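Some notes on the structure that comes next.
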Ligand code: NAD
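Residue numbers (my numbering): 63 to 542.
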């Protein structure tokens with residue numbers, strides 16, 4: 063079988079590392095065999111990136127010229143959006159509609175950071191002597207970008223767009239579950255006329271290709287999105303090497319419903335907040351806190367809506383919950399649900415594989431709701447990253463804030479209430495990078511995104527998101 067090559071310095075190369083299979087989780091079929099980048103291949107990629115980044119044609123390219131290239135990349139993403147969506151869908155099983163939306167968001171990220179570099183200005187600081195002090199922002203050089211499988215189209219675009227806009231070259235290592243979108247982005251860069259070597263894509267296993275990349279002495283900045291354990295391991299390496307690192311990690315986000323909320327709107331928000339992407343979203347609202355006086359009523363609304371969700375193939379009309387990203391991942395999710403049973407939890411929806419004989423042999427799992435656990439139970443503490451919602455009652459704001467913050471994570475939070483004062487108080491008290499009030503999971507490239515506590519370090523996106531990929535440099539001009 064042919065092994066799919068990856069991209070170094072504008073050339074498609076067959077790796078010398080461990081190849082791996084890409085499998086469609088919706089039906090178990092093989093998508094293809096993908097080349098693995100060895101440490102030697104990674105070295106080759108980093109050297110190419112460094113050469114391209116230091117080339118005066120790139121280094122001296124004016125911001126509006128770089129912006130033009132990024133806009134061209136965005137145009138090609140739009141043109142090939144349907145194909146990009148299909149590639150991602152075949153690899154991680156996400157609903158086609160979600161994949162299409164993510165392709166649109168990927169193009170948006172390139173346009174946004176094109177706008178940022180065209181409009182951002184450098185600073186002149188107030189003078190404290192006979193000099194002019196100005197601050198300019200330099201690229202690091204070679205940035206390593208490492209990404210997970212759940213939303214590669216958008217996550218890779220937002221890293222690459224900001225890092226390249228800032229003037230860096232990037233070596234991108236996508237997840238071994240979803241190598242395709244990154245390889246296509248590499249092709250788009252070449253077709254858009256971005257100089258070869260500015261974006262290199264190395265596919266391979268985390269412990270081989272990813273590790274070689276973060277350890278490479280010429281990688282000057284690491285941008286990682288993935289699990290907290292991997293992020294911690296990468297953070298240790300970065301600390302030893304003294305390179306900056308941006309870490310976007312896991313979550314166990316509280317979704318809070320007060321008695322005075324619009325309960326129908328809240329129920330919609332809670333159900334889509336956990337079950338879109340089959341719960342495989344870092345910001346999934348996976349712990350539902352219901353004010354005790356409405357507990358039974360609101361839970362019934364959520365359970366009813368959840369049971370009505372249609373589990374089905376990602377490209378079938380009417381599907382609302384697609385399969386999990388892999389068969390191994392489904393087993394992980396099942397183990398968590400079993401742990402909840404062992405801890406005395408009650409399954410009030412789902413809790414098993416669907417028994418619909420019409421479904422193909424994919425990694426499907428029913429949307430699941432668990433009650434009767436404490437906040438300390440394993441299923442409430444750890445990120446399941448699947449379609450599993452744990453429900454807990456609360457009594458008043460103080461109890462709510464203590465329970466909601468009683469987690470090692472701090473990525474997202476949803477609050478449903480008609481009282482703007484209460485929403486403000488709770489939003490300020492919750493330890494999370496993003497708080498949604500009377501909405502959930504809305505995302506925009508125009509605001510910073512990231513986590514408190516074990517959910518990460520640093521913020522991506524937003525106007526100043528470009529600074530993640532730049533070093534400030536002060537230049538003092540003597541005026542005596
Ligand atoms: P993961 O940590 O297993 O893998 C992420 C990436 O790291 C992959 O490309 C993998 O190959 C690579 N990797 C693994 N070990 C490595 C090592 N030792 N050195 C270097 N690279 C290595 O995560 P995953 O299972 O792919 O993704 C799911 C996780 O991602 C969840 O925890 C989810 O919350 C998180 N996530 C976070 C955000 C966010 O923005 N905060 C967004 C999406 C996903």
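Where a beta carbon is used, it is the ideal one built from N, C-alpha and C, also for glycine.
This one's a predicted model, so the numbers in the text were calculated from it and none came from an experiment.
- Annotation for residue 92: 83, 84, 85, 86 place their beta carbon closer than 8 Å to its own, counting only its chain and skipping 5 residues before and after.
- Listed in chain order, the non-local C-beta contacts of residue 537 below 7 Å within the same chain comprise 196, 198, local neighbours out to five positions each way being set aside.
- Residue 177 sits in a helix when the DSSP states are folded into three classes.
- Residue state for residue 115 is assigned as helix, using DSSP reduced to three classes.
- The stretch 471-483 makes contact with the stretch 318-326; the number of CB pairs closer than 8 Å reaches 3 or more.
- For residue 201, no alpha helix (DSSP H) encloses it; the enclosing beta strand (DSSP E) starts and ends at 193-201.
- The three-state reading of DSSP puts residue 78 in coil, since its state is none of H, G, I, E or B.
- Excluding the 5 residues flanking it on each side, residue 408 has same chain C-beta neighbours closer than 6 Å at 433, 434, in chain order.
- Using a 10 angstroms sphere on the CB of residue 526, the tally of other CB atoms stays under 16, which defines it as exposed.
- For residue 288, the Cβ falls inside the 6 Å cut-off from some heavy atom of the ligand NAD.
- Around the beta carbon of residue 64, a 10 Å sphere encloses fewer than 16 other beta carbons of the protein chains shown; the residue is thus reported as exposed.
- Taking 6 Å as the cut-off, the C-beta of residue 374 does not count as close to any heavy atom of the ligand NAD.
- Distances from the alpha-carbon of residue 279 to those of 139, 265, 161, 303 put 303 closest.
- Inter-residue distance for residue 209 and residue 243 is about 11 Å (C-alpha atoms, whole angstroms).
- In this structure, residue 311 and residue 341 do not form a Cβ contact; the two beta carbons are roughly 17 Å apart against a cut-off of 8 Å.
- Under the three-state reduction of DSSP output, residue 234 falls in the strand class.
- Beta-bridge analysis with DSSP links residue 542 to no other residue.
- Distance from the C-beta of residue 389 to the nearest heavy atom of the ligand NAD is not below 6 Å.
- No residue range can be given for residue 323, since it is assigned to no alpha helix (DSSP H) and is classified by DSSP as neither H nor E.
- Around the beta carbon of residue 69, a 10 Å sphere encloses 16 or more other beta carbons of the protein chains shown; the residue is thus reported as buried.
- Closest in alpha carbon position to residue 137, among 286, 247, 438, 306, is 247.
- A contact is defined here as three or more CB-CB pairs under 8 Å, and the stretch 215-228 meets this definition with respect to the stretch 126-137.
- For the pair residue 368 and residue 399, the CB atoms are not nearer than the 7 Å cut-off.
- Residue 422 sits away from residue 352, with the two beta carbons spaced by 7 Å or more.
- Between residue 360 and residue 325, the C-beta gap is smaller than 7 Å, which places the two residues in contact.
- A distance below 7 Å between beta-carbons, with the five flanking residues on each side excluded, links residue 200 to the following residues of its chain, in chain order: 532, 533, 535.
- For residue 344, the shortest separation between its Cβ and any heavy atom of the ligand NAD lies below 6 Å.
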